[in-house]
Ligand code: AHR
């Protein structure tokens, strides 16, 4: 179980990335959002009179950050105000790191304040050194009251000219207190899922809207004000403040493997922008094969940057310089994202996959097989995977609940010895309990096929209220709240209770009423899912039970093959007794009205029956429910009975 983070629905800027200032570098442009005609002034306003405000490109702070603001003040009193992402939410007494760049020949003092309405929540006065060079200034702001819709105001305290750029405000309390870090509550909600990997940065955001919008990882590392932002295929701006370093660091912080998925040198097949020559629209206009050499190098450089020895490699030294001397130990690299399998694509995809595997046999390359569970991209993608003997391919499907009921044997038919599957994007088109249960049912089928489906991640992951381009999503949020969906709890329960051994157990289902005259047994049975897995390190066993029927169902689980209790004989060859260490089984259950989606898991304890060496568990699955029962393993009981 893993997660797929894409910058869609304001998942990064205004979302997981904890920066509170929107358009901090005055680099927004109409490309970001044509409809709303975004520009370098978006999210900023000038309040008051006596100051003229313009956007200039003289003396850029950096070649990737060429716009800045120029304030010409004839009469003091006006201020430049940033409204954040739907306001700036701050908490009373917490510390916020303010950082900004000024270039001033005349103005010597600037007041910077956090305000809500007429109320000043925190304020500082920055004394400037005059000169022709940019200089970074900073302060810590501590609000006197909490606010949901504060603004940041920058007010020259003398007449004259003042140039400013890259205005940043971060809570000190980010996830793991990292600088340039992530919003703690959102990141913790992701960490709580216990994902074993994180796929990033897209999705469509990886291959981009047209050639010029292909995601280049090198644009996303280094000092935040030196990174190269870009428009987002989802119609807003990517500051790239949340970049590859931050993604890798997050993976390390939560014990997950990084899985970068990058373009195969072609943009999204649904691109609306023309290729470089103005003729080749969308996918058909991949990078030229000459450019592909550089592009390949960029991907090889990523591996070097992530895994190289900082003492020997310049790229690895870049990683060390910003705080990570040890390698990140990258193991996976995805090439392509549900692309149209065209000739242009195949030439570039094969070239990249072959060269990367040749140069780095230690890296598992993850290929792509289109956006659906069938059709020509799926078939052609799989054909290439088999020809090229790819290790893993990334499957995507967003289907209605009925598909999952009727395709429970989907992976049973797959070749057990061929290319493995990463179920990289999937969902059942809804945030009701009905959807969550069908997703749990699918995951029991995926667990049964874990020798084929080696990774799985729901999509999309995050969505900011009021800014969603895609529904449903796993976790909704606004500036102050995180709202996991009922689907989230299913993904999290699978992540928190996963094993590395599948136990084909004997789960006997008993219905309270005789349904034989009403529906065929198979129709009933396909609404019930079970899966039993063990964590070989701890010995803990996890039993997952899904009931999509409108009635409670009694179950007996024969535990004898599952928990492998071994009795120890005494010297006189008498059985000392059976272990009692598996006897209490904690369970977590998600249940309620299937037409609603507000349920949260509750917990309880189920009873394990033991008669001599015979172990079984009885449990009643509530109607419309998903249950995980955890049989906690302990090595040896007090009487000397071994429990394997
Ligand atoms: O998950 C949302 C989008 O769905 C992804 O960007 C894309 O890969 C797929 O079409």
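Residue numbers (the working numbering): 98 to 741. Note that CB positions come from ideal geometry on N, CA and C, so glycine has one too.
DSSP three-state call for residue i: helix, strand or coil?
i           : result
residue 341 : helix
residue 721 : coil
residue 256 : coil
residue 741 : Because the pLDDT at residue 741 is just 45, under 50, the model does not fix this residue reliably, and the point stays unresolved.
residue 268 : strand
residue 159 : strand
residue 316 : helix
residue 552 : strand
residue 321 : helix
residue 386 : helix
residue 633 : coil
residue 229 : coil
residue 692 : coil
residue 735 : A caution first: residue 735 carries a pLDDT of 48, below 50, which makes its placement in the model unreliable, though a value can still be read off. Reduced to three states, the DSSP call for residue 735 is coil.
residue 117 : coil
residue 290 : coil
residue 191 : coil
residue 107 : coil
residue 242 : coil
residue 619 : helix
residue 435 : coil
residue 101 : strand
residue 600 : coil
residue 682 : strand
residue 675 : Caution is warranted here: a pLDDT of 44 is assigned to residue 675, below 50, making its placement in the model unreliable, and the coordinate value is therefore given only provisionally. If DSSP states are grouped into helix, strand and coil, residue 675 belongs with coil.
residue 144 : strand
residue 274 : helix
residue 665 : Residue placement at residue 665 is poorly supported in this model, since its pLDDT is 49, which falls under 50; the coordinates are not used for a value here.
residue 179 : strand
Under 8 Å, do residue i and residue j count as touching if we go by C-beta distance?
i           : j           : result
residue 247 : residue 212 : yes
residue 153 : residue 165 : yes
residue 496 : residue 473 : no
residue 263 : residue 121 : yes
residue 417 : residue 403 : no
residue 433 : residue 124 : no
residue 137 : residue 128 : no
residue 469 : residue 361 : no
residue 552 : residue 145 : no
residue 198 : residue 232 : yes
residue 355 : residue 425 : yes
residue 572 : residue 582 : yes
residue 692 : residue 728 : no
residue 169 : residue 142 : no
residue 436 : residue 366 : yes
residue 324 : residue 305 : no
residue 419 : residue 342 : yes
residue 329 : residue 302 : yes
residue 499 : residue 490 : no
residue 237 : residue 193 : yes
residue 502 : residue 623 : yes
residue 536 : residue 584 : yes
residue 182 : residue 594 : no
residue 659 : residue 638 : yes
residue 102 : residue 558 : yes
residue 299 : residue 317 : no
Report back the beta-carbon spacing between residue i and residue j to the nearest angstrom; my notes put them in contact at under 8 Å.
i           : j           : result
residue 597 : residue 546 : With a Cβ gap of about 14 Å, residue 597 and residue 546 do not count as contacting.
residue 290 : residue 588 : 6 Å
residue 646 : residue 720 : 6 Å
residue 206 : residue 224 : 6 Å
residue 413 : residue 401 : 6 Å
residue 393 : residue 452 : 5 Å
residue 592 : residue 292 : 6 Å
residue 104 : residue 579 : No, residue 104 and residue 579 are not in contact; Cβ-Cβ is about 18 Å, not under 8 Å.
residue 242 : residue 218 : 6 Å
residue 429 : residue 463 : 6 Å
residue 549 : residue 517 : 6 Å
Should residue i be listed as close to the ligand FMN, given that the test is whether its C-beta is under 7 Å from any heavy atom?
i           : result
residue 194 : Looking at this structure, you won't find the ligand FMN anywhere; what it does contain is the ligand AHR.
Contained beta strand (DSSP E) runs [length at least 3] in the stretch 556-597, N- to C-terminal order = 559-561, 572-574, 579-581
ask   = What residues come near the ligand AHR, if near means a beta carbon less than 7 Å from any of its heavy atoms?
value = 103, 105, 299, 300, 301, 302, 434, 435, 468, 493, 522, 556, 557, 567
message = What ranges does the alpha helix (DSSP H) occupy inside the stretch 462-537, keeping only unbroken runs of at least 4 residues that lie completely in it?
response = 473-485, 498-503
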